[in-house]
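The working numbering runs 289 ahead of the 1-based position in the sequence shown.
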Amino acid sequence: MRTRISPSGGGTVAFIDGVHATERAKSERSLTGLRKIAAGCQACDLWKNATQTVFGEGAPSSKIMFVGEQPGDKEDLAGHPFVGPAGKLLDECLREAGIDRDQVYVTNAVKHFKWEPAERGKRRIHKKPRASEIEACRPWLDAEIRLMKPEVIVCLGATAAQALLGKTFSVTRQRGQLIDSPLAPNVIATVHPSSILRAREEGERRLETDAFVADLKKIAGLLQIRKRA
Ligand code: SF4
């Protein structure tokens, strides 16, 4: 089933060196250039407490773009997306689903790590980004989509899904459905792998992992269909 959803975004208040980020992002013609400009982004306050901008990564020929919420603690320190525990689980599940890692580009709706200190100890605890922060960061994601032209966009979790498909989108209700969107020929949403890691019981974690792999297999099937078409 396909659901028609209009493009969101626009109306941001994101500036870099006095120039509207949307304009900088819109006119840039390469991912390398885009990454360089985004490294200096201060369009919302999240850069202040983060180590660095964590931009998307993947081969330019990638057919699938995965969009998560934001970099985590490990990603913030390393400067690369999906290199922490959730990224490792994503890699394992991609292998299980038969998706070549070289066909995949990974990025986030928000490019800086938002966190708060743990009550005890030095741990940095993930904090959900606000709608205004997601909106401020949107020009970077739009530019990544424009330059990559992915055949499939996979929203991982509610933040990415609602950022790209609208605030009323429900991953619980619409998980795995093909969404009719101008963003890409195929747009689909599933859970974020970090939610699988939060499962308390091993059995529950296995079930959720299997369901996630099933979603990925569906995505792999979409690419096969397009290849044959
Ligand atoms: S989160 Fe996005 S909009 Fe905010 S400062 Fe970082 S790159 Fe810029």
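Where a beta carbon is used, it is the ideal one built from N, C-alpha and C, also for glycine. Bear in mind the structure is a predicted one, so any value in this text is a computation, not a measurement.
Only residues of its own chain outside the window of five on either side were considered, and among them 335, 338, 339, 359, 415, 416, 417, 418 and 422 have a CB closer than 8 Å to the CB of residue 403, listed in chain order. Residue 434 and residue 511 have their alpha carbons spaced roughly 18 Å apart. Straight through space, the alpha carbons of residue 466 and residue 489 are spaced by roughly 27 Å.
Within the region 331-407, the complete alpha helix (DSSP H) segments of 4 residues or longer fall at 362-367 and 374-386, listed in chain order. With fewer than 16 neighbouring CB atoms inside 10 Å of its own CB, residue 321 falls in the exposed class.
The beta-bridge partner set that DSSP reports for residue 415 consists of 404. For residue 467, the enclosing beta strand (DSSP E) has its first and last residue at 467-469.
Residue 478 is bridged by DSSP to 444. Pairing residue 324 with residue 428 gives a Cβ-Cβ distance that is not under 9 Å. By the C-beta density criterion, residue 448 is buried, having at least 16 other C-beta atoms within 10 angstroms.
Minimum Cα-Cα distance from residue 513 among the listed residues 363, 386 and 487 corresponds to 386. Distances taken from the Cβ of residue 404 to the heavy atoms of the ligand SF4 include none shorter than 8 Å. Per DSSP, reduced to three states, the secondary structure at residue 490 is coil, with no helix or strand assignment.
Cα atoms of residue 432 and residue 471: separation of roughly 14 Å, rounded to the nearest angstrom.
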